[in-house]
DNA sequence: TAGGATAGTGACCGATTACTATCTTATTGC
DNA sequence: GCAATAAGATAGTAATCGGTCACTATCCTA
């Protein structure tokens, strides 16, 4: 009796065997699909690095054919371009929200730093996309966009450092540009370490230990409020 | 008639047209050739990134055919492995020489930092090879080697920081591991900036401006010798 | 409900990849 | 000056890449 039921259960193939692939048959609007492609590209880049992501990989991940991708983007580089633009929008909003939330420039720096690290912890592909010199060489538009992001970020940090100096919170002999470089380097160093220990340590916890050292490096000596 | 000559001119292939490629006909010993392949691989990686260097590129650069490469290395990854090993040997000797040259731990840190930066300035491929997560994914041997280099470097720095603490040169509440992460991040930040401004600024000059900030971050407050 | 618009298919293209099998020739020891 | 050896040339391979093409399925709307 039980055998009979088992065989009957095997038959229905309107759920088409579903072997490892999603049976997503839905037909999406162009805009919606474009966004999905970008998200899938970013996700895949997080797992295996941008340079190893093929358009076939993207198509497989969303359950459609490779050719369909090129109905939504003229070129693979355009997908990366859209991805980087997405990152920029998100990162900027995260950063600016953190900056607005704080009362003095040093607090703003800390807020930005921790917000940035949290953002990266949630989306591990971001540093690999933005700091990847693979994408830097692919397309001149990509190169320019990435350059804009980094230089913009750097000058944003340098501006806050200038304000900190003016408010007597930072050393007067501080070179804002160099300190901004160190700020970005701090992020890169944490990402590198997290890559090597492949997530065994918490990125945010490590970040909280590193930042006081940086803060101590830029802070003026007469302003000795205890660090966190 | 002229056609005849043209055909006749096409025949002699002992001087094979020599278009843009060196007519290097020399036949080298295996060991010598292996070293040349490694050097060429590193040079090409400096120009266009490791992930875009093909074995054909290497062969072209040294004036022989692509197949010849595989007479000296069983696999392309073995070339990268040899390249990374070469980098490790050179970097270690540069760093240790700088460390031996100095009298206290903080001086040693500065010496190592500047020596490292100078080394990188001379060989721009190094950070791209060692910090590249492209190579990290290619081969497990590569991954392990790179991990060894970075963790070894990091613990070397952390050790010096520990000595500095013991000698009263660094803050007692300093987390050596985090400070070592920041040290490496500092290097990465400078490399990134140098990439973006594509060599328009001197890497070493920028380094000399960034290091005092780091030093100030780790130094104890009662030890207030003026910085450079 | 007919028909235009368009998302998606599936086969295919040329180029390029790492790698290999077979032949040729330069070097070297005798 | 003559083999033997090993470096290099030549001409392949199979796989994979981004991208194209003619076509079909589905949706929206007049």
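Residue numbers (the working numbering), protein chains in the order written: chain U, 38 to 265; chain A, 38 to 265.
Just so you know, even glycine gets a beta-carbon here, dropped at the ideal spot from N, CA and C.
- Pair within 9 Å by beta-carbon distance, residue 155 of chain A and residue 243 of chain U: no
- Message: In this structure, how does DSSP classify residue 108 of chain U when only helix, strand and coil are distinguished?
- Response: coil
- Query: Any C-beta of chain A sitting closer than 9 Å to the C-beta of residue 215 of chain U?
  - Reply: yes
- Query: CB residue 222 of chain U to CB residue 219 of chain A, shorter than 9 Å?
  - Reply: yes
- Item | Which of helix, strand or coil DSSP assigns to residue 256 of chain U | strand
- Message: Counting beta carbon pairs with one atom in the stretch 75-88 of chain A and one in the stretch 161-178 of chain A, are three or more of them shorter than 8 Å?
- Response: yes
- Message: Can you find the residues in the same chain that come closer than 8 Å, C-beta to C-beta, to residue 117 of chain U, ignoring five residues on each side of it along the sequence?
- Response: 78, 87, 166, 172, 175, 176, 179
- Going along the chain, which residues of its own chain have a beta-carbon closer than 7 Å to the beta-carbon of residue 53 of chain A, five neighbours each way excluded? Residue placement at residue 53 of chain A is flagged as unreliable, the pLDDT there being 33, under the threshold of 50; the coordinate-derived value follows with that caveat. There are no such residues.
- Of all Cβ atoms in chain A, is any one closer than 9 Å to the Cβ of residue 114 of chain U? no
- Query: Which residue comes first and which comes last in the alpha helix (DSSP H) that contains residue 232 of chain U?
  - Reply: 213-233
- Integer Cβ distance of residue 240 of chain U from residue 227 of chain U, believed to fall under 8 Å: 6 Å
- Message: Run through the DSSP bridge pairs and tell me what residue 195 of chain U is partnered with.
- Response: None; residue 195 of chain U has no bridge partner.
- Item | Assigned secondary structure, residue 204 of chain U (DSSP; H/G/I helix, E/B strand, else coil) | coil
- Query: Counting only runs that start and end within the stretch 123-169 of chain U, where is the alpha helix (DSSP H) found for 4 or more residues in a row?
  - Reply: 142-159, 162-167
- Would residue 94 of chain A count as contacting chain U if we go by Cβ distances under 9 Å? no
- Message: Between residue 266 of chain U and chain A, is any beta-carbon pair separated by less than 9 Å?
- Response: Residue 266 of chain U lies beyond the range of chain U shown here (38 to 265); nothing can be said about it.
- Got a sec: is the Cβ-Cβ distance from residue 260 of chain U to anything in chain A below 9 Å? Summary for residue 260 of chain U: the model assigns pLDDT 46, below 50, so the residue's position carries little reliability; its value from the coordinates is reported in the next sentence. Chain A, which has no Cβ nearer than 9 Å to the Cβ of residue 260 of chain U, makes this no.
- Roughly how many whole angstroms lie between the Cα atoms of residue 198 of chain U and residue 69 of chain U? 41 Å
- Query: Would you say residue 60 of chain U reaches chain A, if we count a Cβ-Cβ gap shorter than 9 Å as a contact?
  - Reply: With a pLDDT of only 41 at residue 60 of chain U, under 50, the local geometry of the prediction cannot be trusted, and the value read off the model is given with reservation. Not one chain A Cβ lies under 9 Å of residue 60 of chain U.
- Item | Span separating the alpha-carbon of residue 94 of chain A from that of residue 237 of chain U | 38 Å
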